[in-house]
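These notes concern the structure reproduced below.
Right, dumping it as structure tokens:
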């Protein structure tokens, strides 16, 4: 009922190829954007922005980037943390070494540097695939951890190896308050999500997917594996690099290589797998699951007034979280995004299921 | 999918917590202390006694004195796992509940919070850790590395080694290795050691150990090859006991190993037992159950069955340090009340004034039961450290024994370095040095 599309006819190619083809989807998206851009800034408090929404948005962006690589092109990567780190440190260097560098430009240039590194580490993907490639991309992780810990130039000779940025501003507007930071990240995420969505709908995306589904067949029908795989690495690491730069600049403000450790790579891979491989929305679902749920689980005993020690609560949080991951993957191996589309299917027939 | 009623309740609670207006400070007279802790993860063995000490001291003050001049002390813990991003989340969570003072309990988290507290107007206590340059209160208005920083620690260790060798000139040509945790925490002492190296002509070998420090084979291979005269151990958590075991396996004499004060507590040596015999470390404070403050905690908290941890842990090195940190925080509140009104709940800015004007002489320390646990301490606008006194203690296989006199870092060397680093920070952040008028506020 809610999702019934009776009477919505598509009479042009344009209408047929719209991202949101159904009226209900358009309304829902408009409502969501209105809530995100207007509603939340009016309603939310500082904790919501600083500790929940900003990390959620930035990690969603990183998961989106990884999803391009893993979900759409089928190239498993464990080097996401490294590409984030490259983006963050490159952006930092642009910011401190070039006087008057605009913030957005240094963030994007951070993404460009990450692209270069990503393509470099993507070259082995032409010869190796699957788990073997995952191990090869691990090399990127270890190399970058090493480089940012040891090579003083990257950290502007900071004695402790810790770098920090401050006084962020765009077009003369300071980005200081949590709401401003949130809106800044939100704009980035919206633009990138739209661009990625269009990219994966187009010819490039189809090449990626063909490569993912069967690379030999794809090569036979005329898709160049080199181009397809490396372009996926390039796009993915660009987005991931920008996300890394945002993580350092906007969320942490001051960071060390540990912020982009291998744990971050795993976390992002889990987001993509849980959220749904090969789905834009899945990246957001996955990020939400991995960020919100532990926070919620951690605070539930406190809200319910259970006298529980801190370590018990955090052990319990890990246990429940782990169990939920297993549960969701058994119930829906294609991730939360598939769960969502199943729900939509059911809503089309509701209240008369058959 | 039907939502279970309990889940709905929890979600509703979550929503009200997130969307409600920022919670106001509690109406009752309660001073809220946020406690960032790590009781899980690779640093838990050391983080736990520290956290227990802090919590027990709060409970004791409530039980013994009924709070500070009638203001009851409340607290809430938040688990960071030593991770910076979780620490930031905890900071934001507890800040909203009226926090007026934070002890981040980790160098990485301190770095991340240093920029945030300026805007939030909440002071940070980083007792014996954090940013060495933040001693300069004229630039770092909100940071308080009370009792010592990694620069003072490194300086005292070099002084101690020189004394052992019979003078600074004897250090020439000696090899000193710094085996450090490869993070801001481990790298902090390097500038000072470099400075001292230039002055005295010893060889400084820098041997990093990847966090968390359970994998140290390659580091100790270097030690075995280079055979340094001394090893300075800049470790934390599991890294320390691993280092001692590796030293034992390498055959490096433990008598020549000197840890920073975070590498000199019971969890570091207990599991190594005899293998750690002779190992030395700096000590900021005493340990043991004899000080009056520890006796009070036992009497008012543990004997009533309200202790935060096992009873025999009370008075251990890190537990006592937790007590000191909390005690100094509470003394800052007390000091602030003397100026801004006794029996009132202090704000972050007022607590900061209190921290900046701590004047704990021997008499006051004795009254607090802290006599003998630490030396008198007084802070000022320019000096956010107060004083820095430490001793070396040595593990005899069963307990720590003091093996040196009190030492102090050499201000002649430290002062210009602190000033230079603070100036660099101020220039990077475009901060002005504070004016004398600002000091009065």
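Protein chains in written order, with my numbering: chain A, 1 to 354; chain B, 355 to 795. A virtual CB, placed ideally from N, CA and C, is assigned to each residue, including glycine.
If only complete runs of 4 or more residues are kept, the region 436-462 of chain B shows the alpha helix (DSSP H) at 438-449, in order along the chain. If you draw a straight line from the Cα of residue 776 of chain B to the Cα of residue 573 of chain B, it comes to about 32 angstroms.
Spanning the alpha carbons of residue 286 of chain A and residue 581 of chain B requires a straight line of approximately 51 angstroms. By the criterion of at least three beta-carbon pairs nearer than 8 angstroms, the region 625-632 of chain B is not in contact with the region 556-563 of chain B. Taking 8 angstroms as the threshold, the shortest C-beta distance from residue 784 of chain B to chain A falls below it. For residue 150 of chain A, the enclosing alpha helix (DSSP H) starts and ends at 131-150.
Closer than 8 angstroms to the CB of residue 413 of chain B there is not a single CB belonging to chain A.
Apart from sequence neighbours up to five positions away, the residues of its chain that approach residue 396 of chain B with a beta-carbon distance below 6 angstroms are 566, 591, 592, ordered along the chain. Residues of chain A with a Cβ closer than 8 angstroms to the Cβ of residue 466 of chain B are, in chain order, 252, 253, 254, 255. For the region 157-173 of chain A, the residues whose beta carbon sits under 8 angstroms from a beta carbon of chain B are, in order, 159, 160, 161, 162, 164, 166, 167. Rounded to whole angstroms, the Cβ separation of residue 385 of chain B and residue 687 of chain B is 6 angstroms, and the two are in contact under 8 angstroms.
With respect to residue 292 of chain A, residue 52 of chain A sits close: the two C-beta atoms are nearer than 8 angstroms. Distance from the Cα of residue 463 of chain B is smallest, within the candidate group B:453, B:449, B:439, for B:439.
A Cβ-Cβ separation of about 6 angstroms places residue 111 of chain A in contact with residue 87 of chain A under the 8 angstroms criterion. Counted as a single uninterrupted DSSP element, the beta strand (DSSP E) harbouring residue 745 of chain B occupies residues 743-749. For chain B, the residues of the region 42-65 of chain A that bring a beta carbon within less than 9 angstroms of one of its beta carbons are 43, 44, 45, 46, 47, 48, 49, 50, 51, 52, 55, in chain order. Between the region 332-342 of chain A and the region 262-277 of chain A there are three or more inter-stretch CB-CB distances shorter than 8 angstroms, so the stretches are counted as touching. CA-CA distance, residue 489 of chain B to residue 616 of chain B, rounds to 19 angstroms. In the structure shown, residue 71 of chain A falls within a helical segment according to DSSP collapsed to helix, strand and coil. With contacts defined as CB atoms closer than 8 angstroms, residue 763 of chain B and residue 509 of chain B qualify as a contacting pair. Judged by pairs of C-beta atoms under 8 angstroms, the region 259-266 of chain A does not touch the region 113-124 of chain A, as fewer than three such pairs exist. Inclusion of residue 319 of chain A and residue 59 of chain A in the CB contact set at 8 angstroms is not warranted, their separation being larger than that value. For residue 453 of chain B, same chain residues with a beta-carbon under 7 angstroms away, outside a window of 5 residues either side, are 386, 388, 476 in chain order. Residue 750 of chain B and residue 310 of chain A have their alpha carbons spaced roughly 34 angstroms apart.
Straight-line measurement puts the Cα of residue 482 of chain B at about 6 angstroms from the Cα of residue 500 of chain B. Taking a beta-carbon distance threshold of 8 angstroms, residue 732 of chain B does not count as an interface residue toward chain A. By the neighbour-count definition (other C-beta atoms within 10 Å, threshold 16), residue 787 of chain B is an exposed residue. Considering only B:480, B:650, B:700, B:766, the residue with the shortest C-alpha distance to residue 550 of chain B is B:766.
Check the Cα spacing between residue 470 of chain B and each of A:321, A:50, A:303, A:330: the tightest is with A:50.
Bounds of any alpha helix (DSSP H) do not take in residue 432 of chain B; it lies within the beta strand (DSSP E) bounded by 426-433.
For residue 438 of chain B, the residues of chain A that pass the 8 angstroms Cβ criterion are 252, 255, 256, 258, 259, in the order they occur in the chain.
Distance from the Cα of residue 585 of chain B is smallest, within the candidate group B:457, B:625, B:532, for B:532. For residue 321 of chain A, the CB contacts under 8 angstroms within the same chain, skipping 5 residues up- and downstream, are 293, 294, 297 in chain order.
Residue 545 of chain B carries a helical assignment under DSSP once its states are collapsed to helix, strand and coil. The beta carbon of residue 787 of chain B does not come within 8 angstroms of any beta carbon belonging to chain A, so the residue lies off that interface. Taking CB atoms only, residue 341 of chain A has no neighbour in chain B less than 8 angstroms away.
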